[in-house]
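Protein chains: 2
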Amino acid sequence: MSEQSLASIKTSLQEGGFKLTPQREATVKVLLEKDHLSAEEIFMHLKQTNPDIGLATVYRTLEILTQLNITHKVLFEDGLARYDIRRESNKQFHLHLLCMECGKIKEIYDDLISDLEKEIEKKYHFQVEDHRLIFHGICTDCYQKRQNKTPELSAETRK
Amino acid sequence: MSEQSLASIKTSLQEGGFKLTPQREATVKVLLEKDHLSAEEIFMHLKQTNPDIGLATVYRTLEILTQLNITHKVLFEDGLARYDIRRESNKQFHLHLLCMECGKIKEIYDDLISDLEKEIEKKYHFQVEDHRLIFHGICTDCYQKRQNKTPELSAETRK
DNA sequence: CTCGTTGCAAATCCTTTGCACGTCC
DNA sequence: GGACGTGCAAAGGATTTGCAACGAG
Numbered sequence: 001m002s003e004q005s006l007a008s009i010k011t012s013l014q015e016g017g018f019k020l021t022p023q024r025e026a027t028v029k030v031l032l033e034k035d036h037l038s039a040e041e042i043f044m045h046l047k048q049t050n051p052d053i054g055l056a057t058v059y060r061t062l063e064i065l066t067q068l069n070i071t072h073k074v075l076f077e078d079g080l081a082r083y084d085i086r087r088e089s090n091k092q093f094h095l096h097l098l099c100m101e102c103g104k105i106k107e108i109y110d111d112l113i114s115d116l117e118k119e120i121e122k123k124y125h126f127q128v129e130d131h132r133l134i135f136h137g138i139c140t141d142c143y144q145k146r147q148n149k150t151p152e153l154s155a156e157t158r159k
Numbered sequence: 001m002s003e004q005s006l007a008s009i010k011t012s013l014q015e016g017g018f019k020l021t022p023q024r025e026a027t028v029k030v031l032l033e034k035d036h037l038s039a040e041e042i043f044m045h046l047k048q049t050n051p052d053i054g055l056a057t058v059y060r061t062l063e064i065l066t067q068l069n070i071t072h073k074v075l076f077e078d079g080l081a082r083y084d085i086r087r088e089s090n091k092q093f094h095l096h097l098l099c100m101e102c103g104k105i106k107e108i109y110d111d112l113i114s115d116l117e118k119e120i121e122k123k124y125h126f127q128v129e130d131h132r133l134i135f136h137g138i139c140t141d142c143y144q145k146r147q148n149k150t151p152e153l154s155a156e157t158r159k
């Protein structure tokens, strides 16, 4: 499942002059398990196994991992950054579906974007190295729920 | 050029129960001139014509405009939100090219994405209402500059 | 020893809020 | 004179930084 193994990440870290400390290892393990977690969420998970870990360490680790291109930082509209391990499968084709109703984020791997990328490179002479694509909308579940309830919920999505 | 005129925006505001105050008008004018400005940048521009305006007012105005769907708020990876007027032409098809070398943001209107949207709706039963697409890469200018300089600049893009 | 790493607390940055004062019907 | 808007200052929340202590080689 995870072509990005702990071992390969350790190597990357070392090549960058960093060590795989227990805190970093634990952080990476969390990242390997779950995607698009925020720093705070990762911190919470870590607390269970490493109660002494500090939030700052998590941020520092995530910064390093992102610099080394091991991890992918994405800023969501709620102002929170989420982090994903870059796996082989999502290195290129990776997009999010964010439901505006329930807030759930679904992850999609699909190469539909790679065509778009090629188009962009050709049409605009822009060398694409990465992308970030999020669709905002209504997920299947919420759509169905809507059908059964009052038909005008669309505007009330704000706090 | 701007199908979104001051007049039509005034109407939208009033329909939403808001007034087009001088501060709001000035803010809208800035937004009509330039795209993807941050709140701070908009504030700077405004200072020239309305020296007494407060940053908070700018934020409040932007919030209203975004709620009314007049403006589009996009969070960039630097943690700053930028705002664009939603014009007819970019209401649907709107993407950014962010150069990782010089930091410039170029805006593209292209309906390539609408096909993708349809695909997503079909394949994943997700009703798309909006999207946010940014390509990270190297713009034409920087790409050409690179060719003339040392060939290994790729890793040093950090502060 | 030395250097990278850590936890904590303080600092920072962007953004939001509280509040008293203005303004417009 | 009540509701909406404003500027300012303070608060807020996420992230970063300074620093003394720690730990492996």
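As you go down the protein sequences, you meet chains X and B in turn. So the first sequence is residues 1 to 159, counted in the working numbering. So the second sequence is residues 1 to 159, counted in the working numbering. Beta carbons are placed, not taken as given, at the ideal position from N, Cα and C, and that holds for glycine.
Would you please verify whether the beta carbon of I138 (chain X) is less than 8 Å from any beta carbon of chain B?
yes
Between which two residues does the alpha helix (DSSP H) carrying H45 (chain B) extend?
A39 to T49
Every unbroken alpha helix (DSSP H) within the stretch 53-88 of chain X, with a cutoff of 4 residues, ordered by chain:
55-67
Taking just the CA atoms, how far does G17 (chain B) sit from F126 (chain X)?
43 Å
Proximal chain B residues relative to C127 (chain X), where beta-carbon distance stays under 7 Å
The sequence shown places Gln at residue 127 (chain X), not Cys. Under the 7 Å cutoff, chain B gives G137, I138 and Y143.
In or out: G137 (chain X) buried (at least 16 other Cβ within 10 Å) or exposed?
buried
Does the ligand ATP have a heavy atom nearer than 7 Å to the CB of S5 (chain B)?
Inclusion of the ligand ATP in the displayed structure is not the case, the ligand content being empty and no account of it being possible.
Against I120 (chain B), what residues of chain X qualify as contacts under a CB-to-CB distance less than 9 Å, listed in chain order?
L95, L97, I108, D110, L112, F135 and G137
Counting contacts by CB-CB distance shorter than 8 Å, is G79 (chain B) in contact with chain X?
yes
Contacts that K73 (chain X) makes with chain B (C-beta to C-beta distance below 8 Å):
E77
Just to confirm my understanding: we take T27 (chain X), look at its own chain, exclude 5 residues before and 5 after, and list those with CB closer than 7 Å. What are they?
I42, L46, V58 and T61
Bridge partners for D130 (chain X) per DSSP, in chain order?
B:H136
Look up L95 (chain B) in the DSSP assignment and say whether it is helix, strand or coil.
strand
List the whole-angstrom C-beta distance separating D35 (chain B) from E107 (chain B), where the pair is believed to meet the contact cut-off of C-beta under 8 Å.
6 Å
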